[in-house]
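>
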Amino acid sequence: AVVTAEKSWVRIVTGQTPTNIAVIKYWGKRDENLILPINDSISVTLDPNHLCTTTTVAVSPAFDKDRMWLNGKEISLAGDRFQNCLREIRKRATDVEEEEKGIKIAKKDWENLHVHIASYNNFPTAAGLASSAAGLACLVFSLARLMNVKEDQGQLSAIARQGSGSACRSLYGGFVKWIMGKSEDGSDSFAVQVTDEKHWDDLVILIAVVSSQQKETSSTSGMRESVETSLLLKHRAQEIVPKRILQMEEAIKNKDFPSFARLTCADSNQFHATCLDTTPPIFYMNDTSHKIISIVEKWNRAETTPQVAYTFDAGPNAVLIARDRKAATQLLQRMLYYFPPGADADLNSFVVGDKSILQDAGIKEMKDVESLPLPPEYNSTQKYAGAVSYFICTRPGQGPIVLSDETQALLNPETGLPK
Ligand code: DP6
6 AVVTAEKSWV RIVTGQTPTN IAVIKYWGKR DENLILPIND SISVTLDPNH LCTTTTVAVS
66 PAFDKDRMWL NGKEISLAGD RFQNCLREIR KRATDVEEEE KGIKIAKKDW ENLHVHIASY
126 NNFPTAAGLA SSAAGLACLV FSLARLMNVK EDQGQLSAIA RQGSGSACRS LYGGFVKWIM
186 GKSEDGSDSF AVQVTDEKHW DDLVILIAVV SSQQKETSST SGMRESVETS LLLKHRAQEI
246 VPKRILQMEE AIKNKDFPSF ARLTCADSNQ FHATCLDTTP PIFYMNDTSH KIISIVEKWN
306 RAETTPQVAY TFDAGPNAVL IARDRKAATQ LLQRMLYYFP PGADADLNSF VVGDKSILQD
366 AGIKEMKDVE SLPLPPEYNS TQKYAGAVSY FICTRPGQGP IVLSDETQAL LNPETGLPK
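According to the UniProt record's numbering, the residues represented by the sequence shown are 6 to 424, in order.
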């Protein structure tokens, strides 16, 4: 009876972690196993209210192996990247005591205890919106809390890095720099915060989720091929990025939007140029992506100062960063003019996230989209209905948090199994 009582407890922790989008790109590793990059990178963290991963982790003496569920489906934890993260966190586990539940775990017990992990993205995984960055960051962050790991956020970022490079930048809100580091063991390759999310809160972010049938090359294999074959990537990493990183940090600190926009667009375009320079070439952007670039470039040139920056990761989706709400409203009007929803789409599911931008743009129903005027700087009235699947309105956001309300947990606090 004593043994049963001892076996009955479950300790759970739920964390929530944002995604991030790089404005100076990470592309290329110098160590595949430790995930060490060939250049520094800088990202902006996206508001977790619109894009985030929630992860509940549980430990109990009743569990007989480590298990994980993603969006409700059990997945394997056998991969090296999961195993590296689990091992590094377990190594740093310390004593835990939860008196109300009668839980007492000594540091050495963690080696023999198994964990259950349930993870959920509040956005479609298939949309290609950095789900692995938020996911791995959340796994590491939540496990660290479960196991009472004392390491600071920077040291946790170096563990998340071993799950997916870009994940290390999701351990902070605002603008974040991943320092590439020099050492072979990776100990100096981690993320630091450049400024928090309140520093530059004028910015508004609009994501165009672009329709595509094409199966994309994964970032992991794409960057491996670029490192092996692209001389442009080598030049970029050695000569271009170090200077750009300094300029970008200055632009962010000074809230200098013209410099920020110039650097962000140039870096996205150069990243895609290194993909083209890879043998065989890799194409991540499609015709819709190119059309979006033309629209933004033309508008920025027609204004006295840039209104919007664009950036694209390893896929066709556009992330558009507007200087303020007014620019975001005008951007949304332009985007909806050229990329209205396809047949039988409804406005409510076509523009998601912070819908107040839609209100500011005076768009309440589909007929308001149909009667949008031709933007003054253009002469083409050709529209591309259905080319964008939907838009997400968001902004820079905060870093990881613990959700202490157990009703938000994804695992049952009694059984440690998915709810
Ligand atoms: C284009 O972090 O997904 O989004 O480290 O192999 O997991 P792995 O790659 P990943 O690559 C991201 C590449 C990028 C640029 C960026 O986020 O900096």
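Don't be surprised by glycine CBs; every beta carbon is placed ideally from N, CA and C.
Bear in mind the structure is a predicted one, so any value in this text is a computation, not a measurement.
1) Since residue 180 sits in a beta bridge, which residues does DSSP pair it with?
2) To the nearest angstrom, how far is the alpha carbon of residue 7 from that of residue 63?
3) Quick check on residue 305: buried or exposed, where buried means 16 or more other Cβ atoms within 10 Å of its Cβ?
4) Buried or exposed: residue 428, going by 16 or more other Cβ atoms within 10 Å of its Cβ?
5) Run through DSSP, which three-state label would residue 376 get?
6) Look at residue 23 and residue 56 and say whether their C-beta atoms are less than 8 Å apart.
7) Near residue 282, which residues of its chain fall below 6 Å by C-beta distance, leaving aside the five closest residues on each side in sequence?
8) Please report the residue range of the beta strand (DSSP E) in which residue 102 lies.
9) Cutting at 7 Å between CB atoms, please list the residues of its own chain near residue 164, excluding the five before and the five after it.
10) Per DSSP, what kind of secondary structure is residue 35 in: helix, strand or coil?
11) How long is the line joining the alpha carbons of residue 159 and residue 137, rounded to whole angstroms?
12) At which residue ranges does the region 340–385 contain complete alpha helix (DSSP H) runs of 4 or more residues, listed in the order of the chain?
13) Could you tell me whether any non-hydrogen atom of ligand 1 is closer than 7 Å to the CB of residue 40?
14) Report the option in 244, 268 and 372 whose CA atom is closest to the CA atom of residue 255.
15) By Cβ distance, which residues of its chain are closer than 8 Å to residue 193, with the 5 residues on each side in sequence left out?
16) Assign residue 126 to buried or exposed, taking buried as 16 or more other Cβ atoms, counted over all protein chains shown, within 10 Å of its Cβ.
17) What did DSSP end up calling residue 306 once you bin it into helix, strand or coil?
18) Buried or exposed for residue 382, going by 16 or more other Cβ atoms inside 10 Å?
19) What is the rounded straight-line gap between the Cα of residue 350 and the Cα of residue 393?
20) Nearest to residue 200 by alpha carbon, out of 47, 319 and 384?
21) Given a cut-off of 8 Å, decide if residue 354 and residue 321 are closer than it, judged by their beta-carbon atoms.
22) Please indicate yes or no: does the CB of residue 30 lie closer than 7 Å to some heavy atom of ligand 1?
23) Identify, in the order they occur along the chain, each residue of the same chain with its Cβ nearer than 8 Å to the Cβ of residue 422, setting aside the five sequence neighbours on each side.
24) The alpha helix (DSSP H) spanning residue 277 covers which residue range?
25) In three-state terms, what does DSSP make of residue 55?
26) Just reading off the alpha helix (DSSP H) that residue 73 is part of, what are its end residues?
27) Leaving out five residues on either side along the sequence, give the residues of the same chain with a beta carbon under 7 Å from the beta carbon of residue 308.
28) Between residue 310 and the rest of its own chain, which residues show a CB-CB distance below 6 Å, the 5 nearest in sequence each way excluded?
29) Would residue 210 and residue 400 qualify as a contact pair, given that the criterion is a beta-carbon distance under 8 Å?
30) Between which residues of its own chain and residue 39 is the CB-CB distance below 6 Å, once the five residues before and five after are set aside?
31) Just grab the DSSP bridge partners of residue 79 for me.
32) According to the neighbour-count rule (16 or more other Cβ atoms, all chains shown, within 10 Å of its Cβ), is residue 379 buried or exposed?
33) Under the rule that 16 or more other beta-carbon atoms within 10 Å means buried, what is residue 37, buried or exposed?
34) Say yes only if the C-beta of residue 27 is nearer than 7 Å to one or more non-hydrogen atoms of ligand 1, and no if none qualify.
35) Quick test of the definition: if touching needs 3 or more C-beta pairs under 8 Å, does the region 27–34 touch the region 168–185?
36) Would you tell me roughly how many angstroms separate the C-alpha atoms of residue 358 and residue 395, rounded to the nearest one?
By the coordinates alone:
1) Note: residue 180 sits in a beta bridge opposite 49 and 200.
2) The pLDDT assigned to residue 7 is 45, lower than 50, so where the model puts this residue is not dependable; a value taken from the coordinates is nonetheless given after this. Computed Cα separation, rounded: 22 Å.
3) buried
4) As displayed, the chain neither begins before 6 nor continues past 424, which places residue 428 out of reach and without an answer.
5) coil
6) yes
7) 235 and 237.
8) 101–103
9) 90, 93, 94 and 145
10) strand
11) 19 Å
12) 352–355, 361–365 and 371–375
13) yes
14) 268
15) 184, 186 and 187
16) Residue 126 comes out buried.
17) helix
18) exposed
19) 11 Å
20) 47
21) With a cutoff of 8 Å on beta-carbon distance, residue 321 and residue 354 are scored as not near each other.
22) yes
23) 121 and 416
24) 262–281
25) coil
26) No alpha helix (DSSP H) contains residue 73, which is instead part of the beta strand (DSSP E) from 72–75.
27) none
28) 263
29) yes
30) 191
31) 74
32) exposed
33) Exposed, because fewer than 16 other Cβ atoms sit within 10 Å of the Cβ of residue 37.
34) yes
35) yes
36) 11 Å
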